[in-house]
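Per full-length UniProt numbering, residue 1 is the first one in the sequence shown, and the count goes up by one each step.
See below for the structure under consideration.
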Amino acid sequence: MDERVRELLERVRETAVTVGEAAGTTARYAGKCAGQMVDVAKLNMRIFDLNGEINDLLKSIGRMVYDTHRGAEPDAASLAPLLSQIDEKHEAIAQLKQRIRLLKNVRSCPDCGCACGREDKFCKACGRPL
1 MDERVRELLE RVRETAVTVG EAAGTTARYA GKCAGQMVDV AKLNMRIFDL
51 NGEINDLLKS IGRMVYDTHR GAEPDAASLA PLLSQIDEKH EAIAQLKQRI
101 RLLKNVRSCP DCGCACGRED KFCKACGRPL
């Protein structure tokens, strides 16, 4: 076989190997990103559910307040557990949001709460040093 043809075939083989490795790396990265997106979507759905539960509790509290306004005897014993449940749900939401930030590799500005990249030196919303 001619030496030039052999060199050409060797370069084609090396290029194919390089392209194959790059494709494998890209596929692994895409899989990782897709997995993270699924995890974030699940966490956001849980946050949505918790917000719905909070709204239901607030409706119950609102009914109690209105009933009191209409002359019913205030039921303070029932109010305190509802308020505690709301506090617990807000805490759970804060923890879920923190997990989302970790999955997305971002951090929050301590002043305005804007999501900023891990490498950012300043908040992109308010300009505060991070």
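In this text, a Cβ means the ideal position worked out from N, Cα and C, and glycines have one as well.
### Query
Do the region 18-28 and the region 50-62 make contact, defined as three or more Cβ pairs closer than 8 Å?
Segment contact: the region 18-28 against the region 50-62, fewer than three CB-CB distances shorter than 8 Å; contact not assigned.
### Message
Which residue wins for smallest C-alpha separation from V40, given the options K97, A16, E14?
### Response
Checked all of K97, A16, E14; the closest Cα to V40 is K97.
#### Entry: Continuous alpha helix (DSSP H) assignments of at least 4 residues falling wholly in the region 8-73
If we require 4 residues or more, the region 8-73 turns out to have no alpha helix (DSSP H) run fully inside it.
### Message
Can you look up R107 in the DSSP assignment and give me helix, strand or coil?
### Response
Residue state, collapsed to three classes: strand.
### Query
What span of residues does the beta strand (DSSP E) with A125 cover, start to end?
Where A125 is concerned, there is no enclosing beta strand (DSSP E), given that its DSSP letter is neither H nor E.
### Message
Would Q36 and L102 qualify as a contact pair, given that the criterion is a beta-carbon distance under 8 Å?
### Response
When the beta-carbon positions are compared, Q36 and L102 stay at least 8 Å from each other.
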